[in-house]
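Asks: My questions will all concern the structure given below.
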Amino acid sequence: MRLFLAVTTALVVANSAIAADDAVNNAFRVCKMIDNTGLFTAPCQVANRRNAVVATIDLPIADARKACVQITGVASSKGFHFPGAEWTVQIRSPTSGEKSIAFCRLPK
839 MRLFLAVTTA
849 LVVANSAIAA
859 DDAVNNAFRV
869 CKMIDNTGLF
879 TAPCQVANRR
889 NAVVATIDLP
899 IADARKACVQ
909 ITGVASSKGF
919 HFPGAEWTVQ
929 IRSPTSGEKS
939 IAFCRLPK
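In the numbering used here, the protein residues as written are 839 to 946.
And the structure:
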């Protein structure tokens with residue numbers, strides 16, 4: 839019984855680590871996609887500790903929200919999934935500093 843529990847625990851931990859790696863890899867893919875548009879005013883960043891893809895663009899808040907939804911839609915259509923912890927896209931403006939003006943969840 840102890841062996842079974844140890845193996846089960848090891849598999850759960852391994853699967854969690856794999857899921858986290860997949861999420862981080864996909865976050866970098868989303869960043870590359872964002873950077874390739876040429877529309878954003880600063881390079882995209884992956885904030886691992888916050889589980890966030892952070893992009894900066896000079897847009898009004900309403901348009902930033904639309905851009906956020908478009909980004910998550912494209913990520914989903916490309917099959918980028920973010921298992922495990924919840925990941926978000928956070929959009930900032932050049933004048934908002936560390937504060938996001940829009941955010942949305944990336945697909946599980």
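No residue lacks a Cβ here, since even glycine has one placed at the ideal position from N, Cα and C.
For a test of the three-state rule: what should DSSP assign to T894, helix, strand or coil?
Replies: Three-state DSSP puts T894 in a strand.
Asks: Work out the CA separation of V862 and S914 for me, nearest whole Å.
Replies: Rounded to whole angstroms, S914 to V862 spans 15 Å at the Cα level.
Asks: Put I939 into one of helix, strand or coil per three-state DSSP.
Replies: Residue state, collapsed to three classes: coil.
Asks: Taking buried to mean at least 16 other C-beta atoms within 10 Å of its own C-beta, is N886 buried or exposed?
Replies: Per the 10 Å Cβ criterion, exposed.
Asks: Taking one C-beta from the segment 937–944 and one from the segment 877–884 each time, how about it: are there three or more such pairs within less than 8 Å?
Replies: The answer is no - the segment 877–884 does not touch the segment 937–944, with fewer than three Cβ pairs under 8 Å.
Asks: Would you decide whether D879 is buried or exposed? Buried here means 16 or more other CB atoms lie within 10 Å of its CB.
Replies: It is Thr, not Asp, that sits at residue 879 in the sequence shown. T879 comes out exposed.
Asks: Could you name each continuous beta strand (DSSP E) segment of 3 residues or more that falls completely within the segment 879–935, going from the start of the chain to the end?
Replies: Those beta strand (DSSP E) runs which fall completely within the segment 879–935 and span 3+ residues are 880–885, 890–894, 926–930.
Asks: If you draw a straight line from the C-alpha of D860 to the C-alpha of A900, how long is it?
Replies: Taking the straight line joining both Cα atoms gives about 31 Å.
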